[in-house]
Every structure is written in C-alpha cells, then in structure tokens.
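One structure below.
Residue numbers (my numbering), protein chains in the order written: chain E, 1 to 295; chain C, 296 to 590; chain V, 591 to 885; chain U, 886 to 1180.
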C-alpha cells in the first residue's frame, strides 16, 4: 500500500515508556485509577460485554449434527472410560475470529513492518515465538473505569460513517461524562446485530485515534471498530495500525454493548467498573475475553 | 467403587433452587453481595490468582525448539501472507489440565452417574453436546467478595493432611474474618510450588465440604483441592464429587495464591473483591480463568 | 436396543486366530496372495478409490473465506518467519468423517460391549489409550487382489435396498469373477454422488456378511455400506457390528468407485492389484486412506 | 543468505513440462513404468518404509499419562455417549515433523522466494490457500519401481559426509542396478537409529542432485536427506531447495530403510514395487505416508 504521508505524523506513544515497553497505554492504569474505578460500583449489577459462543462439536459425521462453517471455537468431548469418570474436552480457539469478543495484544498488527514501540516485526515474531508485545502484558488483568460513548442513542450510525474525534466529544457531552487518563473507552455505534449483514459498517478514523491519544485512553472496546472497506482516506484499519501499532493501545474487538447501553440509560450514568481478565497466557497475539461492567 | 454409605447423606443442594437450576451456589451471589464486595477495594492493587502459561508451539521439528510434554495450551502461529498483514494464531486448550488455573462447571464430575442437581449423566452429556450444568452458567462472570483462609501461614500443610471444617474455622479466626453467604473461599495450603513433586498432597474432606455448605460458600479456589491419593476415607475427590456434583459449587482448580497471601499479610486484611470472567463459552465442562483479587 | 436373537448366531471369527489376534481377516492375506495380486497388473494404470478432500482453512475471519461446516480436515498454515523459510501446516483430521474415505480398525465398533475377538470394550479402550484391535494392525499396509462387484451396472440400486449374499453372487457371475480367500471386496451400488442427498440408501445385511465370511473376504470397500436408517431387520449396522466386531474384517467406508468401475468395464476385467497404505499410526480407531487400484 | 552463484546454474526442470505443471518429476512415471514396476513382485513380501508413530493422548492431566514433548500426532478420543456407540477420535498432525515419515509437495520450500516451476511464493501461497504445487499432485498415488542404493552396507556413512553423484553411482554398481527414468531412489546411509543423537549427519549435495536429474529420478526417499548443519558448501538444504524447488522432485523425508535393506540383501535384489498412497488431500504442503515396498 503506497501512502502519501509519513507514518511519523500519526499519533504515537513510541518511546513514551521506553524502547522495551510492552504495556503501552496500560501504563496509564495505576492503582489509584483502579481504586477510583471501584468507587463506580453502587448497585452491584454485572453486565457482560462478550458475545456468547457455542462451540462447534468436533465429532460431526453420523454421530452428531453438523457444525457451523468456520466456527470460532471447537470442542472435542473426551472419552474418559466406561463409565466416564469425568467429562472434559479439548477446545480449539481462533482468538481473532469475528465470532469471538477478544483482546488484541499490540504485536497483533504491524505498521510498515514494525510493531509497538517501533520494533521490526521479523525480529519480534520468530518461528520460536513472540518476543515482545504479546498477551504477556495482560497478566494481572485490566481493571479500570469504563466510559460508554453512545454515538447513536436513537439507533445506529449511518453506513460507512467515518467516526471522528468530534463524534466522540459530542457523545461525551451528551452523556455528561469526561474521559480521563486511564479510562477504557466503550463505544456503541448500534451495529451489534448488523455485523454479519454484509453492509458497509462505520469505522474509526485517524482523527478519532488522535482524540483518544489526547485523552490518554487506556483501552478501546466497541461494537464498531475498523471498517471493511476502510472509511479513513489516510490509512486502512486505523484502530489496528495506529491504535495498536503506534499508540500501543490494546483493543477489544467485537464487544457486545446493547445490554450495557440500556443499563447505562436506565441508571442514567455512563461510567462503571470495567474488569477484563484474559487467560494468563504468555506469548499470544490475542485472547478471547469476557469484559464485565459492574454498576 | 463400592461405598458403605448413602450418597443422600452427603451435603447437597439438589432441589434447593429447583430441578432445572444450572447456577448452583452462584445463586448466592446477588447484586447486593457484589456491591458489598466492591467496597473491599481501597488501594486499587490487582493480583492474579492464575498460574502463567506459556503455550507450546505446534511448529516443532527443525523449525522451532521442542515443546514440553503434555502442554496445557498449544499455539499454531498462522501464515497470513508475505509480508504478513497481521499476526494471529490458533490455540488448542485442555481446560482441565494440571498446568492451567481453571473453573469447573458443575457437569464436570458425576456422582454415581448423576450430575447436579440430580440428573443422569448419560442424558445430560450426549454426543450432540451438554444439555445442563455447563459453563453457560458463567455468562456474566463471577464477581463477589473473596476471603483468604491461610491454613498454614508459616509454611505448608503436612503431607496428605485431611483438611476439615475445623481447619477452615481456625484459619478464619486467625485471620479475623467471617465467611458469609455468597463469598468465594480462597484456600492456601502452601503447596503451590510443590504441585509437581510427586508428594502426597493435602486435600479436602467431606467434613470441610459440610462446613462450606453450612457457610453458603459460593465458589472454592485453592492451591490445594482434592488429593491424589485421597485423604478422605469416605469418598475420593470430595471437592468434585460432593462440591460440584452434590452442592453445585463451581471450583477453581490450581489457583496461585502466594502473591495473594503476601499482599493480604502486608495489608493485614484477608478479604478483597474477586473478579472472575471466564470466556462466555456455552456448553463446556470447564474454562481456564484468570481470577483477579482487587484490594 | 433389544434383540430377539443371540449374537453368537452371527457370523464370526472370534477365536479363529486366537484370543490375542488383532489382524482379523487380514490374516488371510499371505505372501502368495500378494504375489498373485501383483500378477493382475498389465497396463499400469492407477486409479484412486478415495474422495478428494479440500482442507478447511483454520484462519477464517477477516483474513480468509469461510470454511464449510463440519469439515473432515482442517489446515492451519504456519508462520515460519519473514520471509518464510518453508511452508508447513498443522492438520486436524476426523478419521471417521463422512467426507473422508477411511479404513476402520476392528476396535471402532463394539457389539454388546465387546470388540473383536470378544474383549470387553471398557478394558480395551482406556483413558490411557487403545490396547487391542487398533490401526496398529495396518503397519505393513494391505496389498491384495481387489474384486469389483458392481451391483447395479446400469445405474444405482433402489433406495433402501437390503443387499444380500445372492446380490453379491449375482454380481460375481455377471462380471465373470470368483471371490477367493484374501480378496478385497469392492462394492459398487451406484450411490457415490447421492450420498448427501438425504435419501434412504441401500445397505448391507447379515446375509451379505455371511456370504463374505463364507468366501473369506479380507476387507470390504464400497460406495455403500451400512444404511441409515437400517435395512436389516435383525441388526443395525451389520458391516460394523458384524463385519468389524464379530468377523474382524476391516472396512473402507466411503470408497469412490465410479472411475474404477468405468476402467473395469472398458478393460472388461474386474480384478486388480489393490494397494492400501494407511499412515503407520498405532493405537487409532481408523485412518483416512487413498486405496489404489492398479490394472 | 548471500550466495556467489546464480541459481540458474542449479539443476532444474523449470519449464520442462510447462509453466503450469504441478507434477514435476512424477510426469516421468507413465503407465508403462508402473506396469514394469509391478513385474518386480515375486514373493509377495511387503515391507513398510515408514517409522511407526504412537499418537500422544490429548487427555493428559490426572486422567492419563503425560505425552512426549512435541509429538508428531496427537489423538483426542471422543465421547460418543454412555455407553459408547463407537470409538472415534480427532487427530492432529504436523506433516513435516521429524518423527513422521512424510512426502513433501514441491511448494513446501522456495528458493529465492520462488517455488517450482518458477512461481513467486507470495502469489502461490496466500491466506486463502495454496494455489499451485501442493499435495493435489499426489491424487492417484505414486506407484513405480523403487531402487535401493545402500551407501554404506557395512554400517553407516561417516558423520557430516557430503553425498555426491559418485557415491550414488558406486552404490548402484555395487548392487548391480541401473537407475532408469521414473524410478524412485531409496537411499540408505545407515543413520536411521542415530537420527536423534545430535550428531552431524551426512547429507546430499548439489552434485548428488545433478546425478538424480541426469538419471531422471522421479522421487527421493532416504534415511538421510539434507544435513543440519549443511554439508554442501554451495547451498543449504539441496534436496529441498534444489530437488523440490528447482527440479520439482517430491521427497520422502525420514524413510525407515533398515528392514528394506535386509530384505534386499537376503533376496539379493535391490529393486521392488514401491507403492505410496498419500491421503487424497488437496492443497497441503506435505502428508505423512506409509511407503510400501513389495518384493
């Protein structure tokens, strides 16, 4: 892809926390940010931001019904003897699958052959494994204040709408919230149920990423993300190529936010404790997650 | 296994929440229990109760170093073109693996061919999938107050020690805590680092399970669990056969509690917000988790 | 399934080659049988009896097209560095899948809880592996004379037709062949292309199995096999429950025989060298194969 | 890797059978070659050239013994109900694994970013699959005359010995055989049992590959192959980079030839019918095989 601009002009945190940093914007989530986040809890209601997933049986054939095409999770239920002493399975997961709410590590996508904070991909991901920027950074979970920005409270954003910083600012004003350093941004575009319809979805722009960088957002989650085909004229996949690769900001792809937004609306508050606890898996490029919003 | 007692005498919640119940003791975690749990947070420090896991590369052969035997997680890093547009992988997991901190669903282990709350295993787990008592129950996560009971603050429990209700009560007194309905019990026996040494580990007894039932514990997590060989004369695997199958109490096997216990000791408090967010995966018998204790 | 007959009345080879035998009817393929089989070769033409299989990519998601539902083989193409030093993959196979021509080991199906030659299934297949009757028996391949019996040269057998010994004898007469001890029987019912149409297929009966036993057939391959729903009033799945479990006769499920039958017709001979070389895999219940008929 | 020679000087079949050819040297195996090969059979004895493989159980944990590190084949025995109606499994294979006798497709290894017959790798292997030079070429199996060249009848070749065309010619003279167009070359270096000892193995050179090209060898199989570290000063992995990528000659890696060589010696003949029947799998870079030599 040829481009008529310099990637150095894109918003970035390369070097901000040193050349060996793997946490990226998770550096912004300090103990005091977490303590303040817990103060959000009042009613104790818990809401999942993950799509439910039915694993596809690996048995198939004459013994079981056919499974869906390209499943995100497969399950092989194991024989443990006759009679069985316990039920257990093997699971096969495709973490970045479009049917799975998941958290991207910063190494997931390079920009011009480099990953956050400026390392050559070829040296960072070798046949022996990932040396930098993997899910290792998520060891202690991500617990912070979540802020819902509902970009289209009355329905859904228009097709192929390019979301800008002004859109995010307007939603914050509308909901009466201020995004503060270390917050997780949860974006609703109203497209949860339309994801597989083949319509041209709205998506983030470099301008929106610049806004996130200026507000020191620690993590992005949304029911919209990078649009295919792209909606930013400057660069394809700004959330991935700029957010991950330049800013070191982990992303939750394919969050489910409909229940969240109705709870926010009914309680008339748009902030909550957000608790994300990915498997403590080192050296992966992403993991499925079940982000919990607690009110 | 022949037994000289009636399973009906074992502590049980069969029928307590109806014959169709899948939540078991998670029914005890109400909104108010969650709200009170969040009040535990003061400093914002977050501690993981999961063992870290390095996935084993599936490449092997001449291209990469050999992987360990029987790995809990395997990773096949995918080719996405030349040059690669993104890095992604397929993961293969064995949820109940001894190298993986995981959450057991109640269907995982039957007692006398029946699973909680009294259903025949053969009808509950069919070639088409699991019909009852699976990880479906964990959709909204498990967020509650955690209570650490350190059974051996000075070191580790003796080999093959049968943990009783009196042991649990003594630890609660020592740490100045009261276990309340809906709490998650986090047990430290001091055996984290010895798990693979082939020594006879301590383990829970039916007496301890009765104590948990009497205190309405919602979930068990520990660095010890069911001992192999068994330490209870009455029944093998009481946590699994009684806790899961009779009481409907989900279990976290193989929790890592050393860092937790030092934070508790240094802060001189043994209660905290415990947030567990398993993949929102329906129909599995268990899932790996990264339980987070937030102080 | 209740039955009003004694399984001891079914054709059987239990005990014929001893209680520890794992070869079953492969015992009938001696060196001289193989040497005679090689004499069948005249033109050198080679025909595959396997259905071709396209592996389903495990990448899926935004990076590749969706895969078919319940695929028999999945492929994860591996990242081997940038630039790649070699292309390699991981394959996931379901050997008994209806989309895969495969060879069943005798342990695959029990009758009344017992597998050939009369061992209890529970002791034969344990959580630690298969102790008897697995693919271990196929180590040196299966090379013998193949005999095509075309049951319906003008088209296909009627729906739900119960194939009897008389049908097999009539086809042998029609094609001018005599089935001899150690031969592999290759049966054409003309249903290759209709396998997935949901129609009631024809299938083998105990009577046909008795004929095979009387002719000392060493191996069965066919484009028809056991019918679902069953066509034999006496027993469901006679090829599997009688052929495998009682007679110890390995089966090739889902052979592709259309090209074979046209070559036979055009050369006007219905015998050939049949060479089957399953992976030298020990301890499995079946393996995909590519049986080769050489004329 | 910088090189001081032109790859155009390496032995090659690029263009010999057209720019769209996928068969490579398998084009040399005609019907008459196959018919002549079958004439080799006299006694009917069948010998496998594959290493036996024990699949590693995917159960592990407390339910089964640990599996070896980096296994070539893994097996998940499936639960099919209580009682089980059949025994079946899922298999996971790494076709190019050093513990698996396997057949390389020509696309497996590129030279200077190109695969046989001169196509850019990046266009040939895409995220959607392999477009050229895969295992699709093996649909009808590989059946031809095999010729054993025993390079070291009295024992094993010296460490790090660079095998030349003269070595091959000397072995042919010693064994009284002439290699003819379409033959499969089966090479014994005497290193079968030493493969994992970490010793510097002998290996093929460009000179040996030139000899194979001059004799129109259709396929290579051996207990030695490309040495690591390399023994040819000109190029690493000549069998792969020259044999596969330049000559389009499929390779059997890791053949087991000890039993074969004793049968050849005892029968005092070094030619036989070689029957190779890989899974009829399209679009893979390699498949495990069980090559059968029939005498």
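Note that CB positions come from ideal geometry on N, CA and C, so glycine has one too.
- At a cut-off of 8 Å between C-beta atoms, residue 847 of chain V does not count as an interface residue with respect to chain U.
- At a cut-off of 8 Å between C-beta atoms, residue 962 of chain U counts as an interface residue with respect to chain E.
- Residue 792 of chain V sits close to residue 748 of chain V, with the two beta carbons spaced by under 8 Å.
- Secondary-structure assignment with DSSP links residue 974 of chain U through a beta bridge to U:962.
- Neighbourhood of residue 378 of chain C in chain V, by CB distance below 9 Å: 672, 673, in chain order.
- For residue 497 of chain C, the closest Cβ of chain U is not nearer than 8 Å.
- In chain order, 438, 439 place their CB closer than 8 Å to the CB of residue 329 of chain C, counting only its own chain and leaving out the 5 sequence neighbours on each side.
- With contacts defined by Cβ atoms closer than 8 Å, residue 1048 of chain U and residue 1093 of chain U form a contacting pair.
- Between residue 1156 of chain U and residue 1031 of chain U, the C-beta gap is smaller than 8 Å, which places the two residues in contact.
- When C-beta atoms of the region 370-387 of chain C are compared with those of the region 109-122 of chain E, three or more pairs fall below 8 Å, so the two segments count as touching.
- Going by DSSP, residue 1138 of chain U is part of the beta strand (DSSP E) stretching over 1136-1138.
- Look at residue 716 of chain V: its C-beta is under 8 Å from a C-beta on chain E.
- By the criterion of at least three beta-carbon pairs nearer than 8 Å, the region 205-225 of chain E is in contact with the region 171-186 of chain E.
- In this structure, DSSP gives residue 595 of chain V a state outside helix and strand, which the three-state scheme calls coil.
- Counting only runs of 4+ residues, the alpha helix (DSSP H) found wholly inside the region 892-947 of chain U occupies 916-923, in chain order.
- Residue pairing by DSSP places residue 742 of chain V opposite no residue, since no beta bridge is assigned to it.
- Within the same chain, 306, 307, 308, 319, 320, 411, 504, 507, 508 come within 8 Å of residue 542 of chain C by CB-CB distance, once the 5 residues on both sides are set aside.
- For residue 220 of chain E, DSSP records a beta bridge to E:185, E:251.
- Apart from the 5 residues on each side of it in sequence, residue 256 of chain E sits with its Cβ closer than 8 Å to the Cβ of 48, 49, 50, 51, 101, 192, 223 in its chain, given in chain order.
- Under the DSSP assignment, residue 582 of chain C falls in the beta strand (DSSP E) whose first and last residues are 581-583.
- Relative to the Cα of residue 1111 of chain U, the nearest Cα in the group U:905, U:943, U:983 belongs to U:983.
- Rounded to whole angstroms, the gap between the alpha carbons of residue 561 of chain C and residue 443 of chain C is 13 Å.
- If you check each beta-carbon in the region 138-152 of chain E against every beta-carbon of chain C, the ones closer than 7 Å belong to 139, 140, 141, 143.
- A Cβ-Cβ contact shorter than 8 Å links residue 287 of chain E with residue 103 of chain E.
- Just so you know, the alpha carbons of residue 75 of chain E and residue 841 of chain V end up roughly 27 Å apart.
- Collapsing the DSSP output to three states places residue 710 of chain V in a strand.
- A distance below 6 Å between beta-carbons, with the five flanking residues on each side excluded, links residue 138 of chain E to the following residues of its chain, in chain order: 278.
- With respect to the C-alpha of residue 32 of chain E, the residue from C:325, C:338, C:326 having the closest C-alpha is C:338.
- Cβ contact annotation for residue 1168 of chain U (same chain, cutoff 8 Å, sequence separation greater than five): 1014, 1015, 1019, 1020, 1021, in chain order.
- Contact check for residue 568 of chain C and residue 586 of chain C: beta-carbon distance about 11 Å, past the 8 Å limit, so the pair fails to qualify.
- Inter-residue distance for residue 858 of chain V and residue 636 of chain V is about 16 Å (C-alpha atoms, whole angstroms).
- Residue 206 of chain E places its beta carbon 8 Å or farther from that of residue 181 of chain E.
- The Cβ-Cβ distance between residue 127 of chain E and residue 94 of chain E does not fall below 8 Å.
- Residue 385 of chain C has a beta carbon lying within less than 8 Å of a beta carbon in chain V.
- In the displayed model, residue 836 of chain V falls within coil according to three-state DSSP, outside both helix and strand.
- Boundaries for residue 570 of chain C: no alpha helix (DSSP H) harbours it, while the beta strand (DSSP E) harbouring it runs 566-571, taken from the DSSP string.
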